[in-house]
Every structure is written in C-alpha cells, then in structure tokens.
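Q: Last residue of the sequence shown: number 276 in the numbering used here, and the count goes up by one each step with no gaps.
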Amino acid sequence: LQNYGQKEVAMDISWHFLTNVQHTYDREKKLVEKYDVSTTGTGGGGGEYPLQDGFGWTNGVTLKMLDLICPKEQPCDNVPATRPLSESTTQPVKQNEAEPTP
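1) Applying the 10 Å Cβ sphere with the 16-neighbour rule, what's the burial state of residue 192?
2) For residue 221, which three-state DSSP category applies?
3) Using the Cβ count rule (16 or more neighbours within 10 Å means buried), how would you classify residue 180?
4) Looking at the unbroken alpha helix (DSSP H) that takes in residue 199, where does it start and where does it end?
5) From 230, 207, 213, pick the residue whose C-alpha is nearest to that of residue 222; which is it?
6) Nearest-angstrom Cα distance between residue 201 and residue 194?
7) Check whether the Cβ atoms of residue 219 and residue 225 sit closer than 8 Å, and answer yes or no.
8) Check whether the Cβ atoms of residue 250 and residue 242 lie closer than 8 Å to each other.
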C-alpha cells in the first residue's frame, strides 16, 4: 500500500493487526498462526487444521511491522499506547473480552 501512496491506510492496517496480536497474546499468553480481523483479541479459525500456536510467517510479519512502525527509542511493549493518533487514523481497537480459546 505504501508503494501506491497509501501510507496512512498501510499504517492503520498495521496498527490494527499489531493491536490484535497484542490483545490475543495478553489474553492467551501465546502467539497464534492467524487472527480474526472482525474482532480484536481472538485467534482466527477455519482452514484445513486447527489453529496453531505460533507460526513462522505470522511471527515474522509481526516482528517486521514492529520494526517498521515503532519508534527506535521506545519499545512497542504496549501497541495501543504507542500508536500515534492523528485526525486521519481511527481510534485504537478495544480488547475483546471473550474467554481464551482452549
């Protein structure tokens, strides 16, 4: 998206993804293979097999996004609090209060 001049859209998607990853981790104490984009704080479902704990490409994308958008002088240990707000971005997504998945 950034290559097509849509930097703000790219950043918004990145922040929403990272917020989802953090809320899921905070609740379940693990990273998972995929995330539900319709809510925050839950792993995704469906597919050929059950949701996997951790997953190489998902973990790699998460680390790359953190590296690209987090200030170098401040760790992104709290993604929603780290996100800079501007008039053109949406507010941080609230955490889903659902119970952890077994």
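All C-beta atoms in this analysis are idealised placements derived from N, C-alpha and C, irrespective of residue type, glycine included.
A: Judging by the given coordinates:
1) Counting Cβ neighbours within 10 Å, residue 192 comes out buried, since at least 16 surround it.
2) In the structure shown, residue 221 sits in coil (DSSP, three-state: anything other than H, G, I, E or B).
3) Taking every protein chain shown into account, the CB of residue 180 has fewer than 16 other CB atoms within 10 angstroms, so this residue is exposed.
4) Boundaries of the alpha helix (DSSP H) around residue 199: 181-202.
5) Closest option to residue 222, Cα to Cα, is 207.
6) Going by the C-alpha atoms only, they are around 11 Å apart.
7) The criterion of a C-beta distance shorter than 8 Å is satisfied by residue 219 and residue 225.
8) Between residue 250 and residue 242, the C-beta gap is not smaller than 8 Å, which leaves the two residues out of contact.
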